Amino acid sequence: MKRTLLTLVVALLAFGALAVTAAPAEAQAISSFWNAQYYNNPNLQGNATVSRGENAIAFSWGLGSPDPAIPADNWSARFATDVALSAGTYRFFVLADDNVRVTFNFSYVPLIDTFADTSRIGQLISAELTVPASGSYHIQI
159 MKRTLLTLVV ALLAFGALAV TAAPAEAQAI SSFWNAQYYN NPNLQGNATV
209 SRGENAIAFS WGLGSPDPAI PADNWSARFA TDVALSAGTY RFFVLADDNV
259 RVTFNFSYVP LIDTFADTSR IGQLISAELT VPASGSYHIQ I
C-alpha cells in the first residue's frame with residue numbers, strides 16, 4: 159500500500175486553514191515548523207528512522223518516499239507543532255490517501271480519525287473545535 163500518506167494536509171493548518179466563525183482569529187505558530195518523524199513501518203512502531211523539521215505539511219510524494227532512508231511502501235509519519243490560539247471555534251481540514259489521525263492538545267479522542275472510518279480515506283475531512291481560552295495548544299497528525 160502506498161504511503162504517500164500526505165497529500166495529507168491540504169494545509170491542515172498552513173495556519174490559514176484554521177477558520178473561525180464570526181471574527182476570524184489566526185493561529186500563531188509558536189515554533190516555525192512541524193516536528194516530523196518518519197518510520198520504516200506502517201504503524202509508528204519503534205524509533206523514528208528520520209526526524210526533522212518541516213515548514214509545512216502538504217506533500218505529494220507520488221511513488222517515492224519522504225527520505226532516501228524510508229522505503230516507498232509501508233511507512234508512516236507523525237507531525238506535531240504548538241500553536242497560540244485565541245478563544246473561539248476553529249475548523250481543521252485534512253486530506254490523505256491513507257489513514258490519518260488528528261489530535262488536539264494531547265487528547266485521547268481524535269478530532270479526525272480515518273482509522274475508525276476507512277470510508278473517508280481520500281476525501282477532504284473537516285472537524286470543528288471550540289477553544290475555551292487563549293493559550294498554547296499542541297496539534298499532532
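According to the working numbering, the sequence shown is numbered sequentially starting from 159. Using N, Cα and C, we set each Cβ at its ideal position, and we do this for glycine too. Quick caveat: nothing in here was measured; it's all calculated off a predicted structure.
- In its chain, beyond the 5 residues on either side, Arg-210, Glu-212 and Phe-237 have a beta carbon closer than 6 Å to the beta carbon of Ala-194.
- Take the alpha-carbon of Asp-255 and the one of Tyr-197: they are about 17 Å apart.
- Under the three-state reduction of DSSP output, Ser-277 falls in the helix class.
- Cβ-Cβ separation between His-296 and Asn-263: approximately 5 Å, consistent with a contact (criterion under 8 Å).
- In the assembly as shown, Ser-292 is an exposed residue. Its beta-carbon has fewer than 16 other beta-carbons within 10 Å.
- For Val-208, the enclosing beta strand (DSSP E) begins and ends at 208-212.
- Rounded to whole angstroms, Ser-244 and Ser-294 show a C-alpha spacing of 9 Å.
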